[in-house]
Amino acid sequence: MITLSSDFGSPYPGAMKGVLLGRTDAQLVDVSHDLPRGDVRAGAFWLREVLPWFPPAVHLAVVDPGVGTDRRAIAVRAGDHALVGPDNGLLMPVARALANGGFVTYQITVEDPPSSTFHGRDVFAPAAGEIHRAGLAAMDDLELLDPGVDPVDLQLPDPTLDADRARGEVLVVDGFGNVVTNLPGELLAGLETVEVNGEPVPVGDTFASVPAGERLATVGSHGNVELDVNDGRGDDVFGLAPGDEVELAWE
Amino acid sequence: MITLSSDFGSPYPGAMKGVLLGRTDAQLVDVSHDLPRGDVRAGAFWLREVLPWFPPAVHLAVVDPGVGTDRRAIAVRAGDHALVGPDNGLLMPVARALANGGFVTYQITVEDPPSSTFHGRDVFAPAAGEIHRAGLAAMDDLELLDPGVDPVDLQLPDPTLDADRARGEVLVVDGFGNVVTNLPGELLAGLETVEVNGEPVPVGDTFASVPAGERLATVGSHGNVELDVNDGRGDDVFGLAPGDEVELAWE
Amino acid sequence: MITLSSDFGSPYPGAMKGVLLGRTDAQLVDVSHDLPRGDVRAGAFWLREVLPWFPPAVHLAVVDPGVGTDRRAIAVRAGDHALVGPDNGLLMPVARALANGGFVTYQITVEDPPSSTFHGRDVFAPAAGEIHRAGLAAMDDLELLDPGVDPVDLQLPDPTLDADRARGEVLVVDGFGNVVTNLPGELLAGLETVEVNGEPVPVGDTFASVPAGERLATVGSHGNVELDVNDGRGDDVFGLAPGDEVELAWE
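Protein chains in written order, with this note's numbering: chain A, 1 to 251; chain B, 252 to 502; chain C, 503 to 753.
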């Protein structure tokens with residue numbers, strides 16, 4: 001099984017699929033081709049949240065604003081999973097989630113790829129196809145993998161937690177407009193109301209705990225504090241975008 | 252084979268796929284993840300129109316504005332097909348279409364799902380995966396299925412038919428802007444023109460039966476009367492949205 | 503393996519998949535369902551660029567503004583590949599790319615299809631499913647294929663090349679806003695700057711060769727000259743749309 005994640009929209013993922021299926025007869029599984037465009041941190045967050053739900057697989061993932069520069073291409077063996085993508089930090093949070101830090105990184109060496117703007121097709125897909133065909137145990141022997149590279153790291157930001165307040169930030173806004181923060185959901189335990197950037201907001205278990213159009217703070221499916229609007233867009237109503245600061249306060 | 256239908260957009264369907272493939276090695280088939288958001292009736296219409304074209308399969312379908320409330324989760328055995336989703340009526344029209352009314356409904360009992368906002372991943376996907384793994388004949392024996400539940404019904408609205416006129420409503424607008432009504436296509440048989448809400452509109456077999464930019468009434472691929480514009484958007488030109496009344500008159 | 507390409511968006515491709523899987527147990531691979539709507543030339547370009555990356559497959563492809571008129575439905579055997587779609591030129595450039603001109607065309611004869619507006623489901627999918635089931639070698643024997651048809655041709659436009667200038671046009675704009683022309687990428691070899699419609703533009707190997715927000719001319723992944731903006735939309739900044747003329751000049 002090979003999963004595909006990218007910010008490519010349409011129709012570029014089709015060419016990656018052709019290259020993969022020319023090298024291996026894996027089942028291909030689209031995770032998303034609408035990851036936030038060019039946002040490596042958002043991509044890293046979504047990969048970390050989604051890919052660990054899969055059984056052992058090869059995961060091809062590309063959010064790559066530096067395509068064609070001297071940023072390297074890497075493959076990661078993380079437990080029973082392999083990850084393939086650009087060396088810009090995108091794969092690091094999910095690699096840690098899959099392997100508790102004990103992962104191995106390889107540089108992908110594709111000489112003279114056919115293009116300098118579509119490494120998804122010309123570098124990452126050939127590597128992912130070869131890894132799937134050979135099997136993870138053979139990664140050390142693959143000619144296009146060079147072991148022992150020190151990858152570019154990316155840490156999702158940690159919040160600051162105090163006794164009666166916590167300060168974090170918006171990681172991503174999902175397609176529903178839900179505002180996903182880096183604040184741990186446990187902060188909301190037992191609260192009926194929480195102050196969000198100075199304004200009181202009801203705490204609810206689920207969207208329908210408040211009337212349509214009303215705001216709520218809830219624990220999202222990733223375990224983080226999420227700022228939502230029932231039957232509406234949290235990002236619009238809270239006026240928050242990725243990277244914005246979020247301070248919660250309670251009594 | 253497991254089909255997936257939802258209003259989730261991206262990237263949430265990826266997590267459902269991971270959960271499914273962790274339980275069974277089914278071929279996964281995306282039907283749509285862009286069903287009209289939160290519109291249970293529109294979702295019910297599209298499922299009824301699309302899923303009966305499939306050979307026997309397990310169908311996971313989620314349009315679920317009440318996620319996390321006490322609305323139940325259900326599985327339906329309808330002929331050689333199984334349906335899995337929220338108990339909000341979404342699955343009822345397609346269940347009737349697949350089984351002529353002779354379907355069996357089960358309540359899905361997943362204790363303490365990991366989230367209260369993403370039952371697609373935490374309740375419906377595990378159930379669909381188990382049903383596929385065990386086979387439809389074993390549904391009575393699955394621990395997470397409780398037979399004999401009386402599901403919430405949803406009836407797509409019936410039109411009122413008279414000798415020289417018919418009154419119905421808009422069910423959905425498709426991505427092309429075509430306005431799909433609940434009026435039976437047979438009403439247009441033999442007509443060259445039909446009055447739509449008081450204005451004469453040519454009746455055509457296909458879009459190109461009128462010049463680009465012009466309106467027509469036609470029989471859509473679902474067999475209903477559809478109000479379209481050749482090379483344009485019917486919803487804009489007719490000024491119609493889901494739920495709006497449509498009266499046809501003829502001589 | 504059957505690939506699917508269309509301009510259908512959602513949820514119509516789901517019905518095509520059901521019909522295909524009712525006739526054959528092929529792996530289905532979505533190439534794109536967001537091809538530029540109703541733009542046969544753009545669809546023909548993308549199919550030619552993407553499908554040749556696949557191993558032998560049956561390719562179902564539909565961009566079909568003339569659905570339901572007397573335009574024919576065709577299947578093409580091109581090397582180890584089969585193509586199925588409308589006879590409006592859509593399949594011709596990719597057929598030539600796959601078979602160097604030596605392809606064979608069949609008319610698809612489906613009597614009284616269930617609809618006149620959704621031949622993707624009612625004509626093309628049944629034919630693609632039958633061809634996959636029977637195998638390419640059996641195409642001559644399939645009842646729904648009538649050999650020897652002379653298909654409608656479509657030629658992507660050729661540029662005019664002079665010693666110090668070249669005149670071409672915009673073929674497509676991709677989802678990133680990159681402006682893809684019909685001018686061969688070799689024209690940029692060795693240049694640091696090129697005049698685009700009278701204005702000097704830096705030539706770069708990749709997006710990041712210019713600062714964010716700046717314009718560049720580059721060789722796209724299809725080998726043609728592409729007019730891009732690093733971290734921005736080339737179509738907006740260059741003011742170019744499909745069909746617009748592009749003149750390059752150099753010294």
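For every residue, glycine included, the Cβ atom is placed at its ideal position computed from N, Cα and C.
Treat the numbers as computed from the prediction; the structure is a model and nothing was measured.
Asked: Whose Cβ in chain B lies nearer than 9 Å to the Cβ of VAL531(C)?; Found: Going along chain B, no residue has its Cβ under 9 Å from VAL531(C), so there is no contact; the nearest lies around 11 Å.
Asked: Let me check one thing: in DSSP terms, what residues is ARG579(C) bridge-paired to?; Found: ALA584(C), VAL606(C)
Asked: Using DSSP with H/G/I as helix, E/B as strand and the rest coil, what is SER460(B)?; Found: helix
Asked: Look up HIS33(A) in the DSSP assignment and give the residues it is bridged to.; Found: Answer is none; HIS33(A) lacks a bridge partner.
Asked: Mind checking the segment 555–571 of chain C against chain A and listing, in chain order, the residues whose C-beta falls within less than 7 Å of any C-beta there?; Found: TRP555, PHE556, PRO557
Asked: Buried or exposed, going by whether 16 or more other CB atoms sit within 10 Å of the CB of GLU245(A)?; Found: exposed
Asked: With distance defined between alpha-carbon atoms, name the residue in GLU502(B), GLU450(B), PHE427(B), SER460(B) nearest to ASP536(C).; Found: PHE427(B)
Asked: Counting only C-beta atoms, is PRO462(B) closer than 8 Å to chain A at any point?; Found: no
Asked: Using a Cβ-Cβ distance cut-off of 8 Å, determine whether PHE458(B) contacts chain C.; Found: yes
Asked: Please list the partners that THR218(A) has in chain B, where partner means a Cβ-to-Cβ separation under 7 Å.; Found: THR368
Asked: So which residues on chain B does VAL521(C) lean against when the C-beta distance must stay under 7 Å?; Found: TRP304
Asked: Using a Cβ cut-off of 8 Å (strictly closer), state whether ARG72(A) contacts chain C.; Found: no
Asked: In or out: ASP676(C) buried (at least 16 other Cβ within 10 Å) or exposed?; Found: buried
Asked: Rounding to the nearest angstrom, what Cα-Cα distance links GLY591(C) and SER508(C) in this structure?; Found: 14 Å
Asked: Taking only three categories from DSSP, how would you classify GLU111(A)?; Found: coil
Asked: Going along the segment 415–428 of chain B in order, which residues come within less than 8 Å of chain C, judged by CB to CB distance?; Found: ASP425, GLY426, PHE427
Asked: Give me whichever residues DSSP pairs with VAL58(A) in a beta bridge.; Found: ILE2(A), ALA82(A)
Asked: For PRO513(C), would you say it is in contact with chain B, using Cβ-to-Cβ distances shorter than 8 Å as the test?; Found: yes
Asked: Hey, quick one: how far does the alpha helix (DSSP H) through GLU49(A) stretch, first residue to last?; Found: 40–50
Asked: Mapping the DSSP letters down to three states, classify LEU396(B) as helix, strand or coil.; Found: strand
Asked: Quick one: does VAL552(C) have its CB under 8 Å from some CB of chain A?; Found: yes
Asked: If we count the other Cβ atoms within 10 Å of its Cβ and call it buried at 16 or more, is GLY650(C) buried or exposed?; Found: exposed
Asked: Could you please tell me which residues of the segment 86–102 of chain A, in chain order, have their CB closer than 7 Å to any CB of chain B?; Found: none
Asked: For ARG121(A), decide whether its Cβ has a neighbour in chain C, counting only Cβ atoms nearer than 8 Å.; Found: yes
Asked: Report yes or no: is there a C-beta of chain C within less than 8 Å of the C-beta of GLY22(A)?; Found: yes
Asked: Report the residue from VAL355(B), GLY436(B), PRO264(B), ALA326(B) whose alpha carbon sits nearest the alpha carbon of LEU412(B).; Found: GLY436(B)
Asked: Should THR505(C) be labelled buried (16 or more other beta-carbon atoms within 10 Å of its own) or exposed?; Found: buried
Asked: So that I know if they touch, is there some Cβ in chain B lying closer than 8 Å to that of SER221(A)?; Found: yes
Asked: What does the Cβ neighbour count give for ASN726(C), buried or exposed, with the cut at 16 atoms within 10 Å?; Found: buried
Asked: Would you say MET1(A) faces chain B, with C-beta separation under 8 Å as the test?; Found: yes
Asked: Which same chain residues, not among the five before or five after GLU169(A), have their C-beta less than 7 Å away from its C-beta?; Found: PRO157, THR181, ASN182, GLY243, ASP244, GLU245, VAL246
Asked: What do you get for ALA719(C), buried or exposed, if any count of 16 or more other CB atoms within 10 angstroms of its CB means buried?; Found: buried
Asked: Leaving out the 5 sequence neighbours to the left and right, which residues in its chain are closer than 8 Å to PRO554(C) when beta-carbon positions are compared?; Found: VAL596, ALA599, LEU600
Asked: Have a look at PHE449(C) and ASP363(B) and give me their C-alpha separation to the nearest angstrom.; Found: This structure cannot settle anything about residue 449(C), because the visible part of chain C is limited to 503 through 753.
Asked: Give me whichever residues DSSP pairs with GLY419(B) in a beta bridge.; Found: VAL497(B)
Asked: If we call anything under 8 Å between Cβ atoms a contact, is THR619(C) one with VAL560(C)?; Found: no
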